[in-house]
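Numbering (the numbering used here), first residue to last: 428 to 716.
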């Protein structure tokens, strides 16, 4: 009669505990280790004076902090040497609530590096007191675009930068379509960039406005990212989301979606580190398809 080798329960428990510890470390790293990703965006109608423009994009911060007083975040932003910083909403998290002084600290730290432009996300409106938040950001050096547009100049050329409030805002707020019409009435047919928080509204709405480049967040990169499949969970918790991260093209418009740097509610990132996106704009003569 053959005897099976005795199992060692202590060894099995040790292996399980080690695997759990390693996964916990990996999960912590996945959610607290800031990653700088660089993108080159080619645009046919980009004014020549803006060729080579460097833009750093931050989205969905949700109160995230990297290092004491966010020193690691500000250092990483400065290392990208931006000419402009775009802050794409969900500055704080409605589930946890705002952290006293966080908005002011972010505004002062970023605007000290480069001109910083901000739009609201859905969480600002869920928290409330959005008008007060906008004013505190302005007082600390940030340009708030609240269904507004401004003219940027570089290298002897001009482009228009527009920013819209999130649809979670006032029911009677100016629509993106109205803002686009006002922009065309003021500037003819300019090259323009639109800051719009919600990535999921690009195909059916924002791409139809005529903006050459749309910058969005909102989807957190799909929270969990899978090889060859991309983001797993979209904004309304459905599987296999569209427009989750990176570059897309629809209706003659280019979309860039940042994975963001923070977390909301119970969701934690997996294979999807917090992203600081450094964009460089290039003028190209070849049409994008």
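Even glycine gets a Cβ: it sits at the ideal position worked out from N, Cα and C.
Being a predicted model, the structure only gives us computed values, none of them experimental.
Could you tell me how far apart the beta carbons of residue i and residue j are, in whole angstroms, since I believe they sit closer than 8 angstroms?
i: residue 484; j: residue 635; result: About 22 angstroms separates the two Cβ atoms, so there is no contact after all.
i: residue 700; j: residue 650; result: Contact flag wrong, Cβ pair sits at about 12 angstroms.
i: residue 570; j: residue 519; result: Contact flag wrong, Cβ pair sits at about 19 angstroms.
i: residue 588; j: residue 543; result: Not really, about 12 angstroms apart at Cβ, beyond 8 angstroms.
i: residue 487; j: residue 687; result: 3 angstroms
i: residue 464; j: residue 503; result: About 11 angstroms separates the two Cβ atoms, so there is no contact after all.
i: residue 712; j: residue 471; result: 7 angstroms
i: residue 626; j: residue 646; result: 5 angstroms
i: residue 633; j: residue 621; result: 6 angstroms
i: residue 644; j: residue 524; result: Contact doesn't hold; Cβ gap of about 20 angstroms is too wide.
i: residue 596; j: residue 552; result: 5 angstroms
i: residue 541; j: residue 512; result: 5 angstroms
i: residue 628; j: residue 576; result: Rounded, the Cβ-Cβ distance is 18 angstroms, inconsistent with contact.
Could you tell me the boundaries of the alpha helix (DSSP H) in which residue i lies?
i: residue 591; result: Note, residue 591: premise wrong, no alpha helix (DSSP H); not H, not E.
i: residue 502; result: 498-506
i: residue 562; result: 557-566
i: residue 553; result: 549-554
In terms of residues, what are the limits of the beta strand (DSSP E) holding residue i?
i: residue 528; result: Looking at the DSSP string, residue 528 is not in any beta strand (DSSP E), and its letter there is neither H nor E.
i: residue 642; result: 640-644
i: residue 677; result: 673-677
i: residue 709; result: 702-710
i: residue 681; result: 680-684
i: residue 543; result: 543-545
Would residue i and residue j qualify as a contact pair, given that the criterion is a beta-carbon distance under 8 angstroms?
i: residue 584; j: residue 476; result: yes
i: residue 530; j: residue 564; result: yes
i: residue 639; j: residue 619; result: yes
i: residue 672; j: residue 648; result: yes
i: residue 698; j: residue 457; result: yes
i: residue 480; j: residue 705; result: no
i: residue 593; j: residue 547; result: yes
i: residue 579; j: residue 586; result: yes
i: residue 526; j: residue 490; result: yes
i: residue 500; j: residue 710; result: no
i: residue 528; j: residue 497; result: no
Any idea if residue i is buried or exposed, counting beta-carbon neighbours within 10 angstroms, 16 or more meaning buried?
i: residue 670; result: buried
i: residue 437; result: exposed
i: residue 685; result: buried
i: residue 482; result: buried
i: residue 652; result: buried
i: residue 555; result: exposed
i: residue 702; result: buried
i: residue 605; result: exposed
i: residue 460; result: exposed
i: residue 521; result: buried
i: residue 509; result: buried
Could you check whether the Cβ of residue i sits closer than 7 angstroms to any heavy atom belonging to the ligand SAM?
i: residue 552; result: No copy of the ligand SAM appears in this structure; indeed no ligand is present at all.
Whole runs of the beta strand (DSSP E) within the stretch 574-637, excluding any shorter than 3 residues: 575-581, 584-590 and 619-625
In chain order, each beta strand (DSSP E) run of at least 3 residues that lies wholly inside the stretch 436-514: 462-470, 481-485 and 511-514
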